[in-house]
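Step one of this worksheet: look at the structure below.
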Amino acid sequence: MELIEEAPHRFRIDPHGPMRVPGVVFASRKLLNDAEKSLEQVVNVATLPGIVGASYAMPDIHWGYGFPIGGVAATDVADGGVVSPGGVGFDISCGVRLLAADTDQKGLESALTEVMDGLDRAIPRGAGPGGVWHLTGPGQLERILRGGSRYAVGEGHGVERDLVRCEDGGAVADADVDQVSARARERGLGQVGSLGSANHFLEVQRVDEVYDETAAAAFGITVGQVCVMIHCGSRGLGHQICTDHVRLMDRAMTRYGIKVPDRQLACTPVESPEGQRYLGAMAAAANYGRANRQLLSDAARKVFHRAAGIRLSLVYDVSHNLAKIETHPVAGTRRTLCVHRKGATRAFPPGHPDLPDDLREVGQPVLIPGTMGTASYVLVGVAGGDAFSSTCHGAGRVLSRHRAARAVGGRELRARLESAGIAVRPRSLRGLAEETPEAYKDVSEVVAASEGARLCRTVARLVPLGVVKG
DNA sequence: ATGTTC
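Quick note: the first sequence, position 197, residue 208 per the working numbering, numbers continuous.
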């Protein structure tokens, strides 16, 4: 694969074969070690009907289903542009929420063990069923799919301000619950308010360093402050929706004369019935994901308040696995695009009309979950950023789960983290070992490359005090 | 990511 370094942290793959646009990869040479397979996926995505600009990849690019994780692709809706479930991923609406406590680390110190034990009891996690909410019936699930965080807050599990600080005000309006299969509903019924497994987590963190005082002040965070970060998605419901609609599109694709180099890129035009059905189901999963994070926030707030009298206010909630209809300039004119972000975070610049009033001048908060025992980051969107206002989403795996678990024992890893002052509440030691920090790229390098590529600016670095894992 | 292989 020929990569042309056209600017610092920016590589181009010139169009060849059926590519409609170039590939553009934002990264350092080091981060692109062993990236050959995922770069082929960048090339494959560049062949999609209606794609505009480029097939983009963020510095945390790695191999995914059809599209690379860390991929951004926008298609022109009025020009036959397609939507592809593989461009969103299986964990629809997976995302991150950051809450800021009304105390610094000293104010938590004596209560940390009690808080962690409380979270251990209150936060459902791991594979399979279990959630903080026990639904009273299918009607309630439909209200979640339509109302997202807005419904959870309306039921008393949060405050109005939570919605202001949540992407899309806590819910998207275009959810179509009829496109959510019986099987997807069944799987979603028992998992409302749960973390799931793998790299999903709830962490108690401390703001270790602030790089941009103005943005940090607007976001409501300061050095030494305690925060809570929640990383989770739409569980089995989103997974089932992706499975269902990939199958539907795979069958329908030929009717639209679409040929893709990899079946996992199954897609149909945004304006086709199949495209609309997928987007309606995806929106329902997006709302489920937001409600999920809202209910986990509510559970965490109760623990913090009961154990330590600490209150938590929402900094922001943003997804890194979604397709959204947005307007962006393309070759000088504003176009309506379907922007796929898969393992990539929306990063609106200062002045964007969709930002809350009190954040509009500084830009959108971008939340980057790191790995256990390392760090997480808060970034901010910048003007003039490429890739349709998108940036990275996390560290990116380098070791398979199997290899990670062979590299370190769960007991040994827990001891290592505890001796580094990080309280750990894992559900399984095997699951903990699979998430050992060595299994991931250095999140600091990913963030530095993203800023170097002018996709965002670094605002703050957060370090873990306690980890709740699936 | 995922009732970790329909």
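Just so it is clear, CB atoms sit at the ideal spot from N, CA and C, and this is done for glycine as well. Values in this document were obtained by computation on a predicted structure and should not be read as measured data.
- Remark: fewer than three beta-carbon pairs, one from each stretch, lie closer than 8 Å, so the region 108-128 and the region 139-146 are not flagged as touching.
- Note that the region 458-469 touches the region 392-409; at least 3 beta-carbon pairs, one per stretch, sit closer than 8 Å.
- Counting only residues of its own chain and dropping the five nearest sequence neighbours on each side, N298 has a CB closer than 6 Å to the CB of L156, G159, A182, A186.
- With a cut-off of 8 Å on Cβ pairs, the region 429-446 is not in contact with the region 58-72, counting fewer than three such pairs.
- For K117, no beta strand (DSSP E) run applies; the uninterrupted alpha helix (DSSP H) run containing it begins and ends at 116-120, by DSSP.
- Of the candidates C253, V170, D219, D219 places its Cα closest to the Cα of I232.
- Here DSSP, grouped into helix, strand and coil, assigns C238 to strand.
- Secondary-structure assignment with DSSP links A426 through no beta bridge to anything.
- M240 and H27 have their C-alpha atoms some 42 Å from each other.
- The shortest C-alpha to C-alpha distance from L348 to any of L325, A296, V281 is the one to V281.
- Looking at the DSSP output, P376 bridges to V391.
- Around the Cβ of H316, a 10 Å sphere holds fewer than 16 other Cβ atoms; the residue is exposed.
- Leaving aside the five residues that flank G392 on each side, the residues in its chain whose CB is nearer than 7 Å to its CB run, in chain order, A358, F359, P360, G374, Q375, V377, S400, C467.
- Beta-bridge analysis with DSSP links I15 to R23.
- It is roughly 9 Å from the alpha-carbon of S461 to the alpha-carbon of S39.
- Between the region 98-105 and the region 326-342, the count of C-beta pairs closer than 8 Å reaches three or more; the two stretches touch.
- Cβ neighbours of G300 within its own chain (closer than 6 Å, five residues either side excluded): S104, G244, S245.
- V93 is positioned such that its CB atom lies closer than 9 Å to that of G286.
- Contact annotation, A406 with V478: C-beta distance approximately 15 Å; criterion of less than 8 Å not satisfied.
- In the DSSP assignment, Q151 falls within the unbroken alpha helix (DSSP H) covering 149-165.
- For L174, the CB contacts under 7 Å within the same chain, skipping 5 residues up- and downstream, are S160, R161, V164, G180, G181 in chain order.
- The region 50-58 and the region 69-84 touch, with three or more beta-carbon pairs separated by less than 8 Å.
- Here K270 is exposed: its Cβ has fewer than 16 other Cβ atoms, across all protein chains shown, within 10 Å.
- DSSP places L248 inside the alpha helix (DSSP H), whose first and last residues are 246-263.
- By the Cβ neighbour-count rule, I134 is buried, with 16 or more other Cβ atoms within 10 Å of its own.
- Taking all protein chains in view, the Cβ of S205 is crowded by 16 or more other Cβ atoms within 10 Å, so the residue is classified as buried.
- Residue pairing by DSSP puts K353 in a beta bridge opposite G82, N332.
- Here the alpha carbon of P437 sits roughly 26 Å from the alpha carbon of G169.
- For the beta strand (DSSP E) assignment, the uninterrupted runs of no fewer than 3 residues enclosed by the region 433-459 are, from N- to C-terminal side, 434-437.
- Comparing alpha carbon positions, the residue from E47, A471, R345 closest to A89 is R345.
- Comparing C-alpha distances from C238 to each of E224, L410, A111 shows the shortest one belongs to A111.
- As computed with DSSP, K480 is found in a beta bridge with F212, P437.
- Rounded to whole angstroms, the Cβ separation of G481 and H404 is 19 Å, and the two are not in contact under 8 Å.
- Segment contact: the region 360-370 against the region 126-133, fewer than three CB-CB distances shorter than 8 Å; contact not assigned.
- Boundaries cannot be given for H168, as no alpha helix (DSSP H) includes it and DSSP labels it neither H nor E.
- Scanning the region 39-96 from its first residue to its last, the whole alpha helix (DSSP H) runs of 4-plus residues come out as 47-56.
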